[in-house]
Amino acid sequence: MSRIGVFICHCGENISRTVDVERVAKAAEKISGVAYACEYKYMCSDPGQNLLKKAVIDQNLDGIVVAACSPRMHEKTFRKAAQSAGLNPYLVEMANIREHCSWVHEDREEATTKATEIVTMLVERVKMNKKLQPITVPVTKRALVIGGGIAGIQAALDIADCGHHVVLVEREPSIGGHMAQLSETFPTLDCSQCIMTPKMVDVANHPNITLHTYSEIENVDGYIGNFQVTIKKKARSVDMDKCTGCGVCMAKCPQKKIPNSFDKDLGMRPAIYVPFPQAVPNTPVIDRENCTYFKSGKCGVCQKVCGPGAVDYTQEDQLVVEDIGAIVVATGFELYSIGEKPKGSAIKGYGEFGHGKIPDVIDGMTFERLASASGPTGGKILRPSDGKEPQQVVFLQCVGSRAREKGISYCSKICCMYTAKHTMLYHHKVHDGQAYVFFMDARTPGKGYDEFWRRSIEDENAVYIRGAVSRLYQKGDKIVVMGSDIALGIQVEIEADMVVLATAVQPRQGADLLAQKLGISYDMYNFYSEAHAKLRPVECATAGVYLAGACQGPKDIPDSVSQASAAAAKVMTLFAKDELEREPIVAKVNDKNCVACFYCKKVCPYGAVEEKEIRDRQGNLIKVVAWVNPGVCGGCGTCQASCPSKSVELDGYTDEQIMAQIEAL
Amino acid sequence: MKNILEYSYYPGCSLHASAKEYDESTQGLFKALRIGLKEVPDWLCCGATPAHNVDELLSLSLCAKNLELAKPVEGDLAVACAACFSRLKTAQHKLAGNEEKRRQVEYALDAPLALDKPVKHLLEILAKDFGLERLAEAMKKPLDGLKVACYYGCLLTRPADVPELDCAEAPTIMERVIGATGAEAVSWSHRLECCGANFTLSRPGVVIQLSNEILASARRAGADCIMVACPLCHGNLDIRQKEIEEASGEKYNMPVFYMTQLLALSAGVSPTRLGFDSMMVSPMPLLREKQLI
Numbered sequence: 000m001s002r003i004g005v006f007i008c009h010c011g012e013n014i015s016r017t018v019d020v021e022r023v024a025k026a027a028e029k030i031s032g033v034a035y036a037c038e039y040k041y042m043c044s045d046p047g048q049n050l051l052k053k054a055v056i057d058q059n060l061d062g063i064v065v066a067a068c069s070p071r072m073h074e075k076t077f078r079k080a081a082q083s084a085g086l087n088p089y090l091v092e093m094a095n096i097r098e099h100c101s102w103v104h105e106d107r108e109e110a111t112t113k114a115t116e117i118v119t120m121l122v123e124r125v126k127m128n129k130k131l132q133p134i135t136v137p138v139t140k141r142a143l144v145i146g147g148g149i150a151g152i153q154a155a156l157d158i159a160d161c162g163h164h165v166v167l168v169e170r171e172p173s174i175g176g177h178m179a180q181l182s183e184t185f186p187t188l189d190c191s192q193c194i195m196t197p198k199m200v201d202v203a204n205h206p207n208i209t210l211h212t213y214s215e216i217e218n219v220d221g222y223i224g225n226f227q228v229t230i231k232k233k234a235r236s237v238d239m240d241k242c243t244g245c246g247v248c249m250a251k252c253p254q255k256k257i258p259n260s261f262d263k264d265l266g267m268r269p270a271i272y273v274p275f276p277q278a279v280p281n282t283p284v285i286d287r288e289n290c291t292y293f294k295s296g297k298c299g300v301c302q303k304v305c306g307p308g309a310v311d312y313t314q315e316d317q318l319v320v321e322d323i324g325a326i327v328v329a330t331g332f333e334l335y336s337i338g339e340k341p342k343g344s345a346i347k348g349y350g351e352f353g354h355g356k357i358p359d360v361i362d363g364m365t366f367e368r369l370a371s372a373s374g375p376t377g378g379k380i381l382r383p384s385d386g387k388e389p390q391q392v393v394f395l396q397c398v399g400s401r402a403r404e405k406g407i408s409y410c411s412k413i414c415c416m417y418t419a420k421h422t423m424l425y426h427h428k429v430h431d432g433q434a435y436v437f438f439m440d441a442r443t444p445g446k447g448y449d450e451f452w453r454r455s456i457e458d459e460n461a462v463y464i465r466g467a468v469s470r471l472y473q474k475g476d477k478i479v480v481m482g483s484d485i486a487l488g489i490q491v492e493i494e495a496d497m498v499v500l501a502t503a504v505q506p507r508q509g510a511d512l513l514a515q516k517l518g519i520s521y522d523m524y525n526f527y528s529e530a531h532a533k534l535r536p537v538e539c540a541t542a543g544v545y546l547a548g549a550c551q552g553p554k555d556i557p558d559s560v561s562q563a564s565a566a567a568a569k570v571m572t573l574f575a576k577d578e579l580e581r582e583p584i585v586a587k588v589n590d591k592n593c594v595a596c597f598y599c600k601k602v603c604p605y606g607a608v609e610e611k612e613i614r615d616r617q618g619n620l621i622k623v624v625a626w627v628n629p630g631v632c633g634g635c636g637t638c639q640a641s642c643p644s645k646s647v648e649l650d651g652y653t654d655e656q657i658m659a660q661i662e663a664l
Numbered sequence: 000m001k002n003i004l005e006y007s008y009y010p011g012c013s014l015h016a017s018a019k020e021y022d023e024s025t026q027g028l029f030k031a032l033r034i035g036l037k038e039v040p041d042w043l044c045c046g047a048t049p050a051h052n053v054d055e056l057l058s059l060s061l062c063a064k065n066l067e068l069a070k071p072v073e074g075d076l077a078v079a080c081a082a083c084f085s086r087l088k089t090a091q092h093k094l095a096g097n098e099e100k101r102r103q104v105e106y107a108l109d110a111p112l113a114l115d116k117p118v119k120h121l122l123e124i125l126a127k128d129f130g131l132e133r134l135a136e137a138m139k140k141p142l143d144g145l146k147v148a149c150y151y152g153c154l155l156t157r158p159a160d161v162p163e164l165d166c167a168e169a170p171t172i173m174e175r176v177i178g179a180t181g182a183e184a185v186s187w188s189h190r191l192e193c194c195g196a197n198f199t200l201s202r203p204g205v206v207i208q209l210s211n212e213i214l215a216s217a218r219r220a221g222a223d224c225i226m227v228a229c230p231l232c233h234g235n236l237d238i239r240q241k242e243i244e245e246a247s248g249e250k251y252n253m254p255v256f257y258m259t260q261l262l263a264l265s266a267g268v269s270p271t272r273l274g275f276d277s278m279m280v281s282p283m284p285l286l287r288e289k290q291l292i
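Protein chains in written order, with numbering that gives the first Met the number 0: chain A, 0 to 664; chain B, 0 to 292.
Right, dumping it as structure tokens:
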């Protein structure tokens, strides 16, 4: 006969408001096998946990049901408490009478009955719970960081400084990301290059960091502590060991008219190039799509002029496999483009702004390049169409953001601040120019942020107009901005020389494909999902994968850096032990019954099912069966549900236990 | 000869009155293209702007009644007037997912609703059903050298999810259709601005200001003429053009054609049957200059 203890929590009033907890406790006492039942206001608090520990010892309990919140919330808490009182933690189960009962019902009578039934079901389950021991797996103490923007760089440096090896993978020829493109940064107006480029150099020089630029993630196998990651190093056509970065090849390349995407296509670059002079590594790549040699077989100038003989046209893409223990994803963002979107896309583009065909309507990043001292205009604000200095500039906020009809309902978070910064930079460089800003709300939560925004209005002369813009059109060499001023209730028309759009922050194109390789989840916009919005903000639900920066949601530099350091701390916590303990709630295959249909292998979302050969003592193959790798199994139970011969069972969720729960109803 | 396509036809009030030339040129063009048009017998006014401003049920019921009347006539319902098109599409859109409104309209009409007949603007019939390639082949007299400002106005493409004719904010269907004649569609800024619509009766000053900007924009773009698909826009840009010139001190002399007038001319329909004489700004000097008549 079992001796099960039932502990019912009021959760303040969250449960007791709708559930008569005393009645549930009385009813629980009468369930066969229950030796003890009680209720308490906050079971998760210190006195509440002590109540449980004391009862385990005094009542000699061999199983526990805590009727409280969701197991996602406090299952670990109570299992730990029970363990400290000497009970195997896997004999503790949660009966969720909050999310599944008190929060969703109003009728006290019915809710109380339901809570009692939930408790009864869990008691029946606990009776059949087995004592489980945690699974231990070894940890490879090498981290992979995907993305070499500020978030990836910060995470890589933190982990490397702690003494662990880091592999940093960047898609572009240089690390630096968006931050390397910015001119000044809010709210201090310090130069982005001046704070970014030293960090880039630190990465290049760090003995614990292996840098793969111009590379992409090809494949990810394995599980927490034991990933095998295949990295595709795209052919650079330049030998990194031989190249001295002298730059003669770039100077002599006859093909110089390729729009430089780092300068938002405002400047030109040769076919053999580094994206910007401060690039890390300072080794050029050949853009094979635009290179005359690769297109027609003629030219070859760069190879001829290269002193150390580093240019190598025969280089091929290379696959490198790295053993990795933890992965930090920091793939960043891109900006919404107002151009026409493919039919059926949830994102719509802006026909009313001419679908991006008016040359002096630019986005915020293009303005950054115009304002940047190392940009295509040397820091002069000159409009793209005719190189004239614009005397009236109109800034539009929330283009794409907070616009459900355009396919995005979220706030991009950084635009209010960078637009305020843009008006300041513009005023600093064009003293008699006038900046107008159309805005919905000024969202400036952050240290020194609101003061910064006020400064743009009070000291830097920006005119803020609360309202939206319905249309932009070209009239001669002006752009007519038709908008509304909702404070005055009038329509406004401004003839501007240049219009700057604060377009929405979106995840990188292909973010969903990378997520599928990593087995992590993402939201409807392709932003990566954290395990818990408040309490686990830098971890993925997939063990061993962490998030940093704007790939998880729009973020400014301070937030990206903080999250990157937090992700690095999580990786270091993981690396602090040689072996890793994992939840033993994993599937096990009964070799005798398995018919080797491998349905389980097809449905397993974790790729945990393998084929196992069973041989006799002479080594003759008897049969092949399914085998679940406990290090990889996520304990979801999909295999159990799909197995036609009922040969797979999840510890703690056996068919027998589930049937017992149903019968208890 | 047998017709290639058959449609039921809802001309609307304007096409039997102030926009007779739109009706004439539509009939002429469609005959030349061998597209059959059968007018819906005993059709009613669509309610236009006044009905839906005063009483939504009235406006929905008028359109639902017209759709009911059109049901027995063969073919999808062809509509020329941008406002009638908008009202009929709006009624279909609003009644599609609203049980309560459907019940009210059924009660008002005392008949089951018959909303299923596809409502198509002439542009859609020409560009999609008939097809631009076939249209280009049917154009016997190219309008080479004629620069046309295609004017959509408010209702042809908006609101975004109702007419489903083309992209609401950056449409190209008029440009594509007139392109079949060899005429050049100019790129201009005021294709989708409001002309002032029926403020023409209550506050003509508003119309004069707004329509002036449209004419000025068309001239800036180098257009010889404006092409419309809406009788009210036509009224404001053509009939009021003299007043606009007086008020603004500008001299536009900008003929405003219905799209079917230009297409029919190109398809070889006799210019005497296209109602050019009922336009306030005579197109004759322009057409002679371009050797199109």
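By construction, the Cβ of each residue, glycine as well, lies at the ideal position given by its N, Cα and C atoms.
Q) Hey, quick one: how far does the beta strand (DSSP E) through residue 218(A) stretch, first residue to last? A) 214 to 222
Q.
If the cut-off is 8 Å on Cβ atoms, which residues from the segment 319 to 351 of chain A count as contacting chain B, listed in chain order?
A. 339, 349, 350 and 351
Q: May I ask you to verify whether the segment 307 to 325 of chain A touches the segment 129 to 139 of chain A, counting CB pairs closer than 8 Å and requiring at least 3?
A: yes
(Q) Check whether the segment 192 to 199 of chain B and the segment 276 to 288 of chain B touch, using three or more Cβ-Cβ pairs below 8 Å as the test. (A) No, because fewer than three Cβ pairs between the segment 192 to 199 of chain B and the segment 276 to 288 of chain B fall closer than 8 Å, the two stretches do not touch.
Q. Who are the neighbours of residue 188(B) on chain A, taking C-beta pairs under 8 Å?
A. 472, 473, 474 and 479
Q. Over what stretch of residues does the beta strand (DSSP E) that includes residue 134(A) continue unbroken?
A. 134 to 137
Q) How should residue 237(A) be labelled, buried or exposed, when 16 other C-beta atoms within 10 angstroms of its C-beta is the threshold for buried? A) Within 10 angstroms of the beta-carbon of residue 237(A) lie 16 or more other beta-carbons, which makes it buried.
Q.
Using 8 Å as the cut-off, can you tell me whether the segment 218 to 235 of chain B makes contact with the segment 145 to 152 of chain B, which would need three or more C-beta pairs spanning the two stretches below that distance?
A. Yes, the segment 218 to 235 of chain B touches the segment 145 to 152 of chain B.
Q.
Going by the DSSP bridge assignment, what does residue 394(A) pair with across the sheet?
A. Under the DSSP definition of a beta bridge, residue 394(A) partners with 436(A) and 499(A).
Q: Step through the CB atoms of chain B and report whether any lies within less than 8 Å of the CB of residue 104(A).
A: no
Q) Can residue 108(B) and residue 140(B) be called in contact, C-beta distance under 8 Å? A) Between residue 108(B) and residue 140(B), the C-beta gap is not smaller than 8 Å, which leaves the two residues out of contact.
Q) Looking only at C-alpha atoms, which of 201(B), 272(B) and 265(B) sits nearest to residue 23(B)? A) 272(B)
Q: Report buried or exposed for residue 517(A), applying the criterion of at least 16 other Cβ atoms within 10 angstroms of its Cβ.
A: buried
Q | At least 3 beta-carbon pairs within less than 8 Å: the segment 354 to 373 of chain A vs the segment 262 to 273 of chain A | A | yes
Q: Report yes if the C-beta distance between residue 410(A) and residue 396(A) is below 8 Å; otherwise report no.
A: Contact annotation: residue 410(A) and residue 396(A) have beta-carbon atoms that are not nearer than 8 Å.
Q) Count the other CB atoms within 10 Å of the CB of residue 613(A); is the residue buried (16 or more) or exposed (fewer)? A) exposed
Q. Apart from the five residues on each side of it in sequence, which residues of its chain come closer than 8 Å, Cβ to Cβ, to residue 219(A)?
A. In its chain, beyond the 5 residues on either side, 226, 227, 228, 229, 326, 516, 517 and 518 have a beta carbon closer than 8 Å to the beta carbon of residue 219(A).
Q.
Quick check: what's the CA-CA separation for residue 585(A) versus residue 346(A)?
A. 41 Å
Q) Between the beta-carbon of residue 8(B) and the beta-carbon of residue 90(B), is there less than 8 Å? A) no
Q. Relative to chain A, which residues along the segment 149 to 174 of chain B have a C-beta separation below 7 Å, given in chain order?
A. 166, 167, 168 and 169
Q) In the DSSP assignment, what residue or residues form a beta bridge with residue 481(A)? A) 470(A) and 492(A)
Q. Around the C-beta of residue 421(A), are 16 or more other C-beta atoms found within 10 angstroms, so that it is buried, or is it exposed?
A. buried
Q: Assign residue 626(A) to one of three DSSP states: helix, strand, or coil.
A: strand
Q: May I ask you to verify whether the segment 589 to 599 of chain A touches the segment 643 to 657 of chain A, counting CB pairs closer than 8 Å and requiring at least 3?
A: yes
Q. Quick one: what does DSSP say residue 204(A) is sitting in, helix, strand or coil?
A. helix
Q: Could you tell me whether the segment 88 to 107 of chain A touches the segment 0 to 15 of chain A, using the rule of 3 or more Cβ pairs below 8 Å?
A: yes
**Q.** Secondary structure, beta strand (DSSP E): runs of 3+ residues fully inside the segment 312 to 388 of chain A
**A.** 317 to 323, 325 to 328, 332 to 334 and 360 to 362
Q. Identify the residues that DSSP records as bridge partners of residue 227(A): which are they?
A. 220(A) and 322(A)
Q) Which chain B residues are close to residue 666(A), counting only those with a beta carbon under 7 Å from its beta carbon? A) The first residue shown for chain A is 0 and the last is 664, placing residue 666(A) beyond what the model contains.
Q) What did DSSP end up calling residue 189(A) once you bin it into helix, strand or coil? A) strand
**Q.** According to DSSP, residues forming a beta bridge with residue 258(A)
**A.** 267(A)
**Q.** Cβ-Cβ distance between residue 424(A) and residue 182(A) below 8 Å
**A.** Contact flag set, yes.
Q | Residues bridged to residue 505(A) [DSSP beta-bridge criterion] | A | 333(A)
Q) Out of 247(B), 167(B), 290(B) and 257(B), which has the shortest C-alpha to C-alpha gap to residue 274(B)? A) 257(B)
Q | First through last residue of the alpha helix (DSSP H) which encompasses residue 598(A) | A | Note, residue 598(A): alpha helix (DSSP H), 598 to 602.
Q: Taking the CB atoms as reference points, tell me whether residue 289(B) and residue 145(B) lie closer together than 8 Å.
A: yes
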